[in-house]
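Trainee:
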Ligand SMILES: Cc1ncc(COP(=O)(O)O)c(C=O)c1O
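In the working numbering, the protein residues as written are 287 to 688.
(1) Leaving out the 5 sequence neighbours to the left and right, which residues in its chain are closer than 7 Å to residue 287 when beta-carbon positions are compared?
(2) Measure the beta-carbon distance from residue 485 to residue 450 and round it to whole angstroms, keeping in mind my assumption that it falls under 8 Å.
(3) Anyone know if the C-beta pair for residue 392 and residue 419 falls short of 8 Å?
(4) Quick one: what does DSSP say residue 645 is sitting in, helix, strand or coil?
(5) How would you call residue 552, buried or exposed, if buried means at least 16 neighbouring beta carbons within 10 angstroms?
(6) When you compare only the Cα positions, how much space is there between residue 536 and residue 682?
(7) Quick check on the DSSP output: the alpha helix (DSSP H) that includes residue 635 runs from which residue to which?
(8) Does the stretch 338-354 come close enough to the stretch 562-574 that 3 or more CB-CB pairs lie under 8 Å?
(9) Going residue by residue through the stretch 324-411, where are the continuous alpha helix (DSSP H) segments of at least 4 residues, counting only ones entirely within it?
(10) Following a CB-centred definition, is residue 384 positioned closer than 7 Å to any heavy atom of ligand 1?
(11) Taking residue 525 as part of the beta strand (DSSP E), name the residues at either end of that continuous run.
(12) Taking the beta strand (DSSP E) that residue 459 falls in, what are its first and last residues?
(13) Could you have a look at residue 557 and say whether DSSP puts it in helix, strand or coil?
(14) Within 7 Å: the Cβ of residue 370 and any heavy atom of ligand 1?
(15) Excluding the five sequence neighbours on either side, which residues of its own chain have a C-beta within less than 6 Å of the C-beta of residue 362, listed in chain order?
(16) Are the Cβ atoms of residue 239 and residue 454 separated by less than 8 Å?
(17) Could you give the DSSP three-state label for residue 480: helix, strand or coil?
(18) Would you mind reading off the limits of the alpha helix (DSSP H) that contains residue 447?
(19) Buried or exposed: which applies to residue 472, given that a residue is buried once 16 or more other Cβ atoms fall within 10 Å of its Cβ?
(20) Which residues does DSSP list as the beta-bridge partners of residue 426?
(21) I'd like to confirm the pairing. Which residues does DSSP put opposite residue 658 in its beta bridges?
(22) Roughly how many whole angstroms lie between the Cα atoms of residue 348 and residue 459?
(23) Quick one: is residue 341 buried, meaning 16 or more other Cβ sit within 10 Å of its Cβ, or exposed?
(24) Indicate whether residue 488 and residue 511 have their beta-carbon atoms separated by less than 8 Å.
(25) CB of residue 564 to nearest heavy atom of ligand 1: below 7 Å?
(26) In the DSSP assignment, find the unbroken beta strand (DSSP E) run with residue 488 in it and report its ends.
(27) Sorry if obvious, but does the Cβ on residue 494 come closer than 7 Å to a heavy atom of ligand 1?
(28) When the Cα of residue 612 is compared with those of 469, 554 and 423, which residue comes out closest?
(29) Hey, would you say residue 669 sits closer than 8 Å to residue 622, going by beta carbons?
(30) On the criterion of 16 or more Cβ atoms from any shown chain inside 10 Å, does residue 456 qualify as buried, or is it exposed?
(31) Is the stretch 656-670 in contact with the stretch 293-313, if contact means three or more CB pairs nearer than 8 Å?
(32) What is the rounded straight-line gap between the Cα of residue 507 and the Cα of residue 369?
(33) Evaluate contact between the stretch 427-444 and the stretch 585-598, counting only Cβ atoms and requiring at least three cross-stretch pairs below 8 Å.
(34) Compute the Euclidean distance between the alpha carbons of residue 387 and residue 315, then round it to the nearest angstrom.
(35) Under three-state DSSP, which class holds residue 614?
(36) Candidates 360, 605 and 317: which alpha carbon is nearest residue 624's?
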């Protein structure tokens, strides 16, 4: 079956492709294991992107490439058309990966500005690699726990306000991974208001921005909503085609920023030894942003249907679990503490079912007994794997050791 002529039903066999999700993480569970874990999709990307990569491959010589204005324009146009924000293409710094931009801030830019280690504030649960690079840079990290993450996550604004006192950097993720919240304009206004008095930077990691439910909560880039902070150079607005077009392995992201921070980012990139992009990164990203809009619409319809079906299955199989209804992302965040009093129980269910989910503890200590799944895969194998995992989790006989 196809959606608008695009195929989101045919499984793609990714074993033996050096895939981190399959060949590294799923392999210990056996060849019939199914990975619902890492956030990359099990769909083939848009035809226009495949064509761009194939054309680039056909050349047969893969030397160094550079970032030119066509990349900047394509990135800025995508923001304008899809998200109603109109950045200047010159306000763009290329990074292969968003995590590297956070590393640049924590290792170089903030310590250079302040003469001491960075003080970082993040919400928890959080995508851990963003925190890990800060920890490894010696930064102090203050965590603000989100409330009700497995229904409609809420920000404790009092806790945020006190955490931001003296902070250098707020890490914001919009839409939020793992809860799937798309922060509303009111919530973003309050975040901006809390950030305004100090001098802190805000890095808005919006890598999941293109995944929203048709007719559902609209995504707003923070930079569009807080032009004073943007003009003051205090917002790093991170966009990426990596998740949207399942090209994370090609490594292209677009960090929009304004003023002197642009030179600081470019300088930090040099200190990290990040010179040229991957050969395929630029043509793939340009083709995606210029020619694959209809594919993204069809993809969002498919994911919305997958999420609906996965939630219905979980309601039947794990009736005591609480399951978020994500406004964005393709991720489903489940509070399964009624079945999993400890992290070992989630792990045991993965082993027994040979279905990998991401244990909640990977997103923060307080979330053991939660799990996250990725719904961006053909529906039948998704439901089959989720059923297998849920039954193992619910079964009192599931072995916690093997
Ligand atoms: C919120 C979030 N940020 C960043 C990343 C990784 O992005 P990159 O590979 O560009 O560092 C992910 C990947 O799952 C993510 O979920």
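Where a beta carbon is used, it is the ideal one built from N, C-alpha and C, also for glycine.
Mentor: To lay it out plainly:
(1) One-based indexing of the chain shown puts residue 287 at position 1. For residue 287, the pLDDT reaches just 47, beneath the cut-off of 50, and the residue's location in the model is therefore unreliable, leaving the point undetermined.
(2) On the chain shown, position 199 is the one that residue 485 refers to. On the chain shown, position 164 is the one that residue 450 refers to. Actually they do not touch by this definition, with Cβ atoms about 11 Å apart.
(3) As a position in the chain shown, residue 392 is number 106, starting the count at 1. As a position in the chain shown, residue 419 is number 133, starting the count at 1. Yes, Cβ-Cβ distance for residue 392 and residue 419 is below 8 Å.
(4) Taking the first residue of the chain shown as position 1, residue 645 is located at position 359. Of the three classes helix, strand and coil, the one that applies to residue 645 here is strand, per DSSP.
(5) Within the chain shown, the letter at position 266 stands for residue 552. Label assigned to residue 552: exposed.
(6) The residue you call residue 536 lines up with position 250 of the chain shown. The residue you call residue 682 lines up with position 396 of the chain shown. In a straight line, the C-alpha of residue 536 is about 43 Å away from that of residue 682.
(7) Locating residue 635 in the chain shown gives position 349, counting from the first residue. Unbroken alpha helix (DSSP H) run through residue 635: 629-639.
(8) yes
(9) As summarised for the stretch 324-411, the continuous alpha helix (DSSP H) elements at least 4 residues long and confined to that stretch are 333-344, 355-369, 384-390 and 396-400, given in chain order.
(10) Within the chain shown, residue 384 is the residue found at index 98, counting from 1. Residue 384: yes, Cβ under 7 Å from ligand 1.
(11) Counting from one through the chain shown, the residue named residue 525 turns up at place 239. Residues 521-525.
(12) As a position in the chain shown, residue 459 is number 173, starting the count at 1. Segment 455-459, the beta strand (DSSP E) holding residue 459.
(13) The residue labelled residue 557 in the question sits at position 271 within the chain shown. Residue 557 falls in the helix class under three-state DSSP.
(14) Along the chain shown, one-based indexing puts residue 370 at 84. Checking the Cβ of residue 370 against ligand 1 gives no.
(15) Stepping through the chain shown from its first residue, residue 362 is reached at position 76. Excluding positions up to five away in sequence, the list reads 373 and 375.
(16) The structure shown does not extend to residue 239, since the chain is modelled only from 287 through 688, so no value can be given for it.
(17) In the chain shown, counting from the first residue as 1, residue 480 sits at position 194. It is helical.
(18) In the chain shown, counting from the first residue as 1, residue 447 sits at position 161. Run containing residue 447: 443-450, per the alpha helix (DSSP H) assignment.
(19) Taking the chain shown and counting its residues from 1, one reaches residue 472 at position 186. Classification of residue 472: exposed, given that the 10 Å Cβ count is below 16.
(20) Numbered from 1 along the chain shown, position 140 holds the residue referred to as residue 426. In DSSP, residue 426 forms a bridge with 405.
(21) The residue given as residue 658 occupies position 372 in the chain shown. In DSSP, residue 658 forms a bridge with 619 and 644.
(22) Along the chain shown, read from residue 1 onward, the residue named residue 348 stands at position 62. Along the chain shown, read from residue 1 onward, the residue named residue 459 stands at position 173. Cα to Cα, the separation comes out at about 34 Å.
(23) Position 55 of the chain shown, counting from 1, holds the residue named residue 341. When all chains shown are included, residue 341 counts as exposed.
(24) By one-based count along the chain shown, residue 488 stands at place 202. By one-based count along the chain shown, residue 511 stands at place 225. Contact: no.
(25) Within the chain shown, residue 564 is the residue found at index 278, counting from 1. For residue 564, the shortest C-beta to heavy atom distance toward ligand 1 is 7 Å or greater.
(26) Sequence index remark: in the chain shown, residue 488 carries index 202 (1-based). It spans 487-491 - the beta strand (DSSP E) in which residue 488 sits, taken as one unbroken run.
(27) Residue mapping note: residue 494 aligns to position 208 of the chain shown, counting from 1. Under cutoff, so the answer is yes.
(28) Here residue 612 is taken as the residue at index 326 of the chain shown, counted from 1. Among 469, 554 and 423, the Cα nearest to that of residue 612 belongs to 469.
(29) Stepping through the chain shown from its first residue, residue 669 is reached at position 383. Stepping through the chain shown from its first residue, residue 622 is reached at position 336. No, these two residues do not count as a Cβ contact at 8 Å.
(30) Your numbering for residue 456 matches position 170 in the chain shown. Buried, since its Cβ has 16 or more Cβ neighbours within 10 Å.
(31) yes
(32) Against the chain shown, residue 507 aligns to sequence position 221. Against the chain shown, residue 369 aligns to sequence position 83. Computed Cα separation, rounded: 7 Å.
(33) no
(34) For the purposes of this step, residue 387 is taken as the residue at position 101 of the chain shown. For the purposes of this step, residue 315 is taken as the residue at position 29 of the chain shown. If I take the Cα positions, the gap works out to 34 Å.
(35) As a first step, residue 614 is located in the chain shown; it is residue number 328 there, counting from the start. Correct three-state label for residue 614: strand.
(36) On the chain shown, position 338 is the one that residue 624 refers to. It is 605.
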